[in-house]
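Below is one structure, written out as structure tokens; the observations come after it.
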Amino acid sequence: MNTQNHVLAITLMLAAGTAIAAPAPARQTADSIWSGGAILTMNDKAMRAEAVAVANGKIIAVGSRKEVMKLKGPGTQLVDLAGRTLVPGFVDAHGHVMVGGLQALAANLLAPPDGRVLDIASLQQTLCDWAKANAAVVDKAKVIIGFGYDPSQLKEQRHPTREELDAVSADVPILLVHQSSHLAAVNSAALKIMGYDASTKDPAGGVIQRKPGGTEPNGTLEETAFFLGAPKLLGGVGQDGLKVFAREGAKLWARFGYTTADEGRATPQTAEVLKQVAAEGGFANDVIAYPDVLLGREYIKTNQRATFTNRFRIAGAKLTIDGSPQGFTAWRDQPYYKPVGDYPQGYSGYPAATAEEVMSAIQWAYENKLQIITHSNGERASDLLIAAHQAAQARFPKVKGTRPVLIHGQFLREDQLDRFKALGVIPSLFPMHTFYWGDWHLDHTVGPQAGLNISPTGWVRKRGMIFSSHHDAPVAFPDSMRVLDATVTRRARGSGRIVGPEHRVDVITALKAMTIWPAYHHFEEKTKGSLEPGKLADFAILSKDPTAVAPNAIAEIKVTETVKEGKTIFKLDPATHADNARVDITPLLAAFGGHGGQGGEPGDTCAHDAMFRMTAVMAGSAEGR
């Protein structure tokens, strides 16, 4: 063999030897392996698994226990689910995490099953009990705050009067926020601080309700009358107080398995508060915000991000076209059925934004290739939204993939869903309405036929569209199992009627609407929403498998643990396993410096979201006034 051939032979042997003898890459070992219960992945290719392995906050394997256990190392934590069920962490499709923090800390005035208020007497007793148990807060804040009363659920079918609240306290101002967040009930001390008396004119876009036959306020405040008056009681909160609300809101979301929380309508000022909380390490779960497009376009353009910084990001813009269905302020294409209140014949609600504002906002979003989510409840509001998207897509035909979202869509026609599908608008629906206000819609808002089609998930699925399912807290409590229950059963809490049987969906579909589908409409489907290798180890651990219990038992399931990127951020204490467990109220002490802040002057436009306006004022925003 000549030298050249000899060298070639050696080279070939070395190459072959290298190919055979090269060491295999070091096998990754898991930080933790979860098994011992049902695991629902939300991955259509393998919906169920026996085990999940986690390393460095991400999922590294999902499958059979035998295969996943091959990743066990000397330091691997083996987590026994002990019969519990593991699902992807819930992704909040739409809520208001900052005001939700105030809801978590205030007196709970919700009706069963979320609270214990059934009539005026139990409302008064709940306030007295809360004030007594939290005397230090009342002494410092100089206000008693309650959240969630609803006249439709009270025996008396009306708001509490100022005199009934005076019976709780004649000296300390009392502020009760209606469950819709559009109205409030206050006592005489609060009216005095707000400056409302018999000579006060109604502010533009609001009503100071009066006693029969006179002009003396009766204690009920609507819309702008509420959000302009409330900061005079809560004006001492300021940015430090709002930070407390934001932190407590995120904690409340985590209690229900939400590893991603949403602030669905911010101002630049409140978004900055959230950013500050994030920078201070105040969030254990991710928080997404959508600032109001009518207030902060430049702020949105400058600050929108696709990735999180300190668990916070601004995802896009929010637009609000109309109001509340149960409060008769959604903008309909026909009169309300039997509205409760002093409404003119043929009343059909009203818009919260002008056509010019809506068209301009949607076109601006397309022009800047930004996602925009739009609150639209009534049919006329959705007609306007459709027209705006059609015009924007005609003007900017090359802009694709911004994933615009319809928020709520309570009163939709089928032809509107056809057009939303063609336009690529993703519906985020509110099936919890069927539980909380199903009877109200059937009997008062839209009637026994149209009421069956609120939150029409069946129509959406018939068209092959995805949808997300939200809670809109604090309008409803951010109870993930109540969201799941309502999406599956559509059972009204009062009568037990099924509100639209054709719109019920199976449990897996309902879970997708709380996990992978909202992750998609937040542009996070590559990292969240399903249990797949490479995605974040965001889990919700449930006491039972929702696919294995009777549908009517879903709401009784508990979130026993919430895991964010492999670390537990909430764990249910067996001692507080019961509903209505007492919330630690001490953070509220840090939020108040006493009342006396200044409210703003009535604005020229009608406001839809009173709590949004109120928090904006507390954050120092002139736009909130």
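Just so you know, the sequence shown maps onto residues -21 to -1, 1 to 604 in mature numbering (1 follows the signal peptide of the UniProt record, and there is no 0). Glycine included, every Cβ here is placed at the ideal spot set by N, Cα and C.
When DSSP labels each residue in this structure, what does Q283 get in the three-state scheme? DSSP places Q283 in strand when its eight states are reduced to three.
Any idea if S447 is buried or exposed, counting beta-carbon neighbours within 10 angstroms, 16 or more meaning buried? Here S447 is buried. Its C-beta has 16 or more other C-beta atoms within 10 Å.
By the 10 Å Cβ neighbour count, where 16 or more other Cβ atoms means buried, how is N531 classified, buried or exposed? Within 10 angstroms of the beta-carbon of N531 lie fewer than 16 other beta-carbons, which makes it exposed.
For I365, I'd like the list of residues in its chain whose CB is within less than 6 Å of its CB, leaving aside the five on either flank, ordered along the chain. Taken in chain order, the residues that qualify are R398.
For T468, which three-state DSSP category applies? Helix, per DSSP.
First through last residue of the alpha helix (DSSP H) which encompasses G426: From DSSP, the alpha helix (DSSP H) with G426 extends over G426 to A429.
Given S101, which residues of its chain have a CB within under 8 Å of its CB, disregarding the five upstream and five downstream residues? Same-chain partners within the cutoff: R95.
Extent of the continuous alpha helix (DSSP H) run through D59: That residue, D59, is in no alpha helix (DSSP H); its beta strand (DSSP E) goes Q56 to D59.
Spatial neighbours of R311 within its chain, please: CB distance less than 7 Å, with the 5 preceding and 5 following residues excluded, ordered by chain position. The answer, listed in chain order, is S327, G328, G357, E358, R359 and F390.
Proximity to F287 [Cα-Cα], best of F307, L207 and N264: Ranking the options by Cα distance to F287, first place goes to N264.
Measure the C-alpha to C-alpha separation of K230 and F262 and round it to an integer number of angstroms. Those two C-alpha atoms are separated by around 8 Å.
When G42, H354 and L50 are compared against M26, the one with the closest alpha-carbon: Comparing Cα positions, the closest option is G42.
My output table needs one value for A233: the three-state DSSP class, helix, strand or coil. In the three-state scheme derived from DSSP, where H, G and I count as helix and E and B as strand, A233 is classed as helix.
Considering only C-alpha positions, which residue in the set R374, D321, H450 and E201 is nearest to N347? When R374, D321, H450 and E201 are compared, the shortest CA-CA separation from N347 is found for R374.
CA-CA distance, V196 and G306? Looking at the sequence itself, residue 196 is Pro, so the reference to Val does not match. Cα to Cα, the separation comes out at about 20 Å.
Thinking H138 and A164 are a contact (beta carbons under 8 Å), I'd like their distance in whole angstroms, please. Between H138 and A164, the beta carbon gap of about 5 Å places them in contact (Cβ cut-off 8 Å).
Apart from the five residues just before and just after Q56, which ones in its own chain have a Cβ nearer than 7 Å to its Cβ? Excluding residues up to 5 positions away in sequence, D10 and S11 lie with their Cβ nearer than 7 Å to the Cβ of Q56 in the same chain.
Given 8 Å as the limit, is there contact between the region 444 to 463 and the region 493 to 501, that is, 3 or more CB pairs closer than that? Of all C-beta pairs linking the region 444 to 463 to the region 493 to 501, three or more are shorter than 8 Å, placing the two stretches in contact.
Euclidean distance between Cα positions of T506 and F291: Looking at the two C-alpha atoms, the distance is approximately 15 Å.
Could I get the ranges of all uninterrupted alpha helix (DSSP H) runs contained in the region 100 to 165, with 4 residues as the minimum, in chain order? Counting only unbroken stretches of 4 or more residues, the alpha helix (DSSP H) elements lying wholly within the region 100 to 165 are 114 to 120 and 141 to 145, in sequence order.
In the DSSP assignment, find the beta strand (DSSP E) that holds P406 and state where it starts and stops. Run containing P406: I405 to L408, per the beta strand (DSSP E) assignment.
Beta bridge counterpart(s) of E242 as assigned by DSSP: In the DSSP output, where bridge partners are listed per residue, E242 has H75 and A268.
With distance defined between alpha-carbon atoms, name the residue in D418, T299, A334 and E393 nearest to A370. The candidate whose alpha carbon is nearest that of A370 is A334.
Within 10 angstroms of its Cβ, does Q428 collect 16 or more other Cβ (buried), or is it exposed? Exposed is the call here.
I'd like the list of long-range same chain contacts for A257, defined as Cβ closer than 6 Å, with 5 residues on each side in sequence excluded. Closer than 6 Å at the Cβ level, and outside the excluded window around A257, lie N289, R290 and F291.
Determine, using beta carbons only, whether W109 and A86 come nearer to each other than 8 Å. The answer is yes: Cβ separation under 8 Å.
How many angstroms separate the CA atom of G513 from the CA atom of A529? Taking C-alpha positions only, G513 is separated from A529 by approximately 34 Å.
A268 versus T239 - alpha carbon distance: In a straight line, the C-alpha of A268 is about 11 Å away from that of T239.
Determine, using beta carbons only, whether residue 672 and T413 come nearer to each other than 8 Å. No statement about residue 672 is possible, as the shown extent of the chain runs from -21 to 604 and does not include it.
Taking one C-beta from the region 72 to 83 and one from the region 241 to 253 each time, how about it: are there three or more such pairs within less than 8 Å? The region 72 to 83 is in contact with the region 241 to 253.
Cα-Cα separation, Y322 to I495: Cα to Cα, Y322 sits roughly 42 Å from I495.
Exposed unless 16 or more other CB atoms sit within 10 angstroms - verdict on T194: Within a 10 Å sphere around the beta-carbon of T194 sit fewer than 16 other beta-carbons, which makes this residue exposed.
Taking the alpha-carbon of R440 as reference, which of I405, T8, V462 and H423 has the nearest alpha-carbon? Among I405, T8, V462 and H423, the Cα nearest to that of R440 belongs to I405.
Whole-angstrom distance between A32 and Q372, CA atom to CA atom: The straight-line gap from Cα to Cα measures roughly 44 Å.
Length-filtered (3 minimum) beta strand (DSSP E) runs lying within the region 460 to 546: Under the rule that a run must span 3 or more residues, the beta strand (DSSP E) segments found entirely inside the region 460 to 546 read 518 to 521 and 538 to 543.
Roughly how many whole angstroms lie between the Cα atoms of S167 and I187? Spanning the alpha carbons of S167 and I187 requires a straight line of approximately 13 Å.
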